[in-house]
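In my numbering, the protein residues as written are 35 to 569. To keep things clear, I will list the structure first and then write my remarks on it.
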Amino acid sequence: MAGDFDAVVIGAGFSGMYMLKSLRDRLGLKVRVYEAGDSVGGTWYWNRYPGARCDSDAYIYCFTFDKQLLQEWEWTERYPTQPEILRYLEHVAKRHDLKRDIQFSTKVTGAEFNEDTNLWTVRTDKGERVTAHHLIAAVGTLSTTNMPGFKGLDKFKGKWYHTSRFPKEGVDFTAKRVAVVGTGATAVQAIPEIAQQAKQLTVFQRTANYCVPARNGKVDPELVKARKADYDNIVQRIRESFFGQEHYFIPKSALEVSKEERERELDKRWDAGGFAFWLANYQDMFFSKEANDVIADYLKRKIRVTVKDPKVAEKLIPKGYYYGTKRQPLDTNYFETFNKDNVLLVDAKADGPIEEITEKGIRAGGKEYEFDIIVFATGFDALTGPLKALNLKGRRAVSLDKEWAEGPRTYLGIQVVGFPNFFTLTGPQSPSVLTNMPVAIEQHVEWVSDLIDYMRKTGKTVIEPTPEAQDQWVAHVNEVVNTTLMTSANSWYMSANIPGKPRAFLPYLGPEGVGGYRKKCDEVAAHGYEGFALV
Ligand code: NA7
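What follows is the structure in structure tokens.
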């Protein structure tokens, strides 16, 4: 059995790049990567909207497999901007000579598993058909754009953009009347930037968000030095941690401490900025409604003191869901932006939803607003979207789309019954988006590489989960998350942002996070890949 390639990898972002490096340089395999963009970067290649920046601290949002690069690379700020991350990934591609095995500007349009040859046939929009033993989706988790089907969009005479497909040359908002639709993590970054340029900015908010300051800036050179000296330990810690970050819950209930102590702890996290408020808070925040309420109250008070007009502040106060059950946006002057004279907030729920896009702008709540530019910051068809879009057919030509009609079903978030030798890096039902992504990516890449190495050494050619193992994993994923408040929110984690998408929690919120999940995956491997059928 020999295909054109040992492995085809789809996507050249963080995960595809490391997958290529690992299979080619560590195992000596023949690998082809297909990438739709004209260079590396994946999600970071496409998300070029104003203010686009990483929400994890740069010193851990990077590859850790290249120890020398950890020492050499200098990030300019606490959170790198999109252009800086692209520069970093371009540098990695050059340093490891990755581009020679990546075919750019090529989209995979479908792939079928052949049960006679045990090979995948992969088709591209360039008319190619190649065969490969292993097929690896490195397609990202937030890469399929969610563009709501607003009536009348084709009539709009101005320009419109989705944040995840911004033009490379940028957009000049100077002297323009601009609308931003959406107030998720993307919009929270973009709104303050656009407001600085635009003549008038109108924000259409359907659900108000709990925001915490990012507190971006230069990192103290002494801290940078100390971290570099301590990188081995840092890497070990984030690999074993819950969220792939150096954040740890306070091992107490928010309700068992005095109000003064709680305020002190919350102040500390608020002042530190970043994900600490979300991921290093009281341990019952994600479990107890009462504990969650007192923490949420702190954030609501912050909005009330920041936003000058009490009516606007009231609109910006989140309602109807528990703090932290939607992705935490990090902000730089987000609430302050609503104090500016050129910024208007439209509550696209209480004041009436967006009814249609007109020639001149947006009609919402019976009123027409006129714009030169509309920016849709309406998010993504998360996790399953990019995989379903691959148009895969497994055994008996069953499509992945059909297999997942009721929501994703996987074993360990890595493989799917009926799709042999197909791997989903940071796929649904793995920790994925609940972690600092590079940590989850490196874990999956290394685990899949070890598995492929094992298969070659033991003469196995086909791997696929057993239906029992998959059923148990799906049940476990749901059982764990059902003990938390996460399932109560209409979040993209819950598939609730896409009309008609079956309600299911998409990532895996393991009892010990990504660290515990790593242990579980390692145990599976140590027991001869328990739960998988290897032939
Ligand atoms: P999100 O977090 O999904 O946010 C999308 C926003 O767009 C959110 O405020 C939505 O309101 C709003 N939205 C979506 N559809 C509509 C319609 N039809 N009408 C009005 N408003 C709408 O996407 P982001 O890009 O901000 O962030 C995604 C992730 O990328 C982020 O979490 C990071 O992990 C990186 P809703 O809240 O659904 O009511």
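Heads up, the beta-carbon is just placed ideally off N, CA and C, and yes, glycines get one too. Quick caveat: nothing in here was measured; it's all calculated off a predicted structure.
Secondary structure of residue i, DSSP reduced to three states
i, result
"alanine 530", "coil"
"tyrosine 52", "helix"
"aspartate 367", "As written in the sequence, residue 367 is asparagine, which differs from the aspartate given in the question. Note: asparagine 367 maps to coil in three-state DSSP."
"threonine 492", "helix"
"leucine 378", "strand"
"valine 258", "helix"
"glycine 395", "strand"
"tryptophan 438", "coil"
"glutamate 402", "strand"
"serine 483", "helix"
"tyrosine 357", "coil"
"tryptophan 107", "coil"
"proline 285", "coil"
"lysine 427", "strand"
"threonine 236", "strand"
"phenylalanine 372", "coil"
"alanine 347", "helix"
"glutamine 102", "helix"
Contact under 8 Å by Cβ, residue i with residue j
i, j, result
"leucine 120", "tryptophan 78", "yes"
"glycine 447", "serine 464", "yes"
"aspartate 40", "threonine 165", "no"
"alanine 242", "leucine 459", "no"
"glycine 413", "asparagine 180", "yes"
"tyrosine 244", "alanine 314", "no"
"valine 215", "phenylalanine 238", "yes"
"phenylalanine 456", "leucine 426", "yes"
"valine 473", "glycine 308", "no"
"serine 529", "alanine 523", "no"
"alanine 559", "tryptophan 507", "no"
"glutamate 124", "valine 74", "yes"
"aspartate 135", "leucine 54", "yes"
"alanine 229", "lysine 383", "no"
"glutamine 223", "alanine 86", "yes"
"phenylalanine 48", "methionine 471", "yes"
Endpoints, alpha helix (DSSP H) assigned at residue i
i, result
"phenylalanine 410", "Element bounds for phenylalanine 410: not the alpha helix (DSSP H) but the beta strand (DSSP E), 407 to 410."
"glycine 549", "547 to 560"
"glycine 144", "Element bounds for glycine 144: not the alpha helix (DSSP H) but the beta strand (DSSP E), 142 to 148."
"histidine 196", "Looking at the DSSP string, histidine 196 is not in any alpha helix (DSSP H); the run it does join, the beta strand (DSSP E), is 193 to 196."
"threonine 340", "323 to 340"
"isoleucine 225", "219 to 231"
"valine 269", "265 to 274"
"proline 501", "501 to 515"
"threonine 179", "Per DSSP, threonine 179 belongs to no alpha helix (DSSP H) and is neither H nor E."
Outcome for residue i when other beta-carbon atoms lying within 10 angstroms are tallied against a minimum of 16
i, result
"leucine 257", "exposed"
"aspartate 365", "buried"
"threonine 208", "exposed"
"aspartate 89", "buried"
"alanine 439", "exposed"
"lysine 360", "buried"
"glutamate 498", "buried"
"glutamate 69", "buried"
"proline 344", "exposed"
"histidine 561", "exposed"
"aspartate 264", "exposed"
"asparagine 148", "exposed"
"threonine 469", "buried"
"glutamine 105", "exposed"
"glycine 45", "buried"
"leucine 289", "exposed"
"alanine 232", "buried"
Identity of the residue in the options nearest residue i by Cα
i, options, result
"lysine 394", "Tyr93, Asp188, Gly85 and Pro84", "Asp188"
"glutamate 348", "Leu333, Gln362 and Gly358", "Leu333"
"aspartate 150", "Tyr527, Tyr551, Asp435 and Arg430", "Arg430"
"asparagine 250", "Trp109, Tyr195 and Glu557", "Trp109"
"lysine 494", "Thr500, Ile486 and Pro501", "Ile486"
"threonine 392", "Gly428, Lys141 and Phe405", "Phe405"
"phenylalanine 369", "Lys342, Thr517, Ser483 and Arg66", "Lys342"
"leucine 421", "Gly461, Leu103 and Gly549", "Gly461"
"glycine 186", "Lys436, Glu390 and Gln116", "Glu390"
"glycine 547", "Ser466, Asn512, Tyr403 and Thr140", "Ser466"
Residue span of the beta strand (DSSP E) that contains residue i, given as start and end
i, result
"aspartate 59", "Neither: aspartate 59 is in no beta strand (DSSP E) and is coded neither H nor E."
"aspartate 40", "39 to 44"
"phenylalanine 457", "456 to 458"
"histidine 130", "Per DSSP, histidine 130 belongs to no beta strand (DSSP E) and is neither H nor E."
"threonine 628", "This structure leaves residue 628 out entirely; the chain is present only between 35 and 569."
"leucine 568", "566 to 568"
"threonine 165", "163 to 171"
"arginine 211", "211 to 215"
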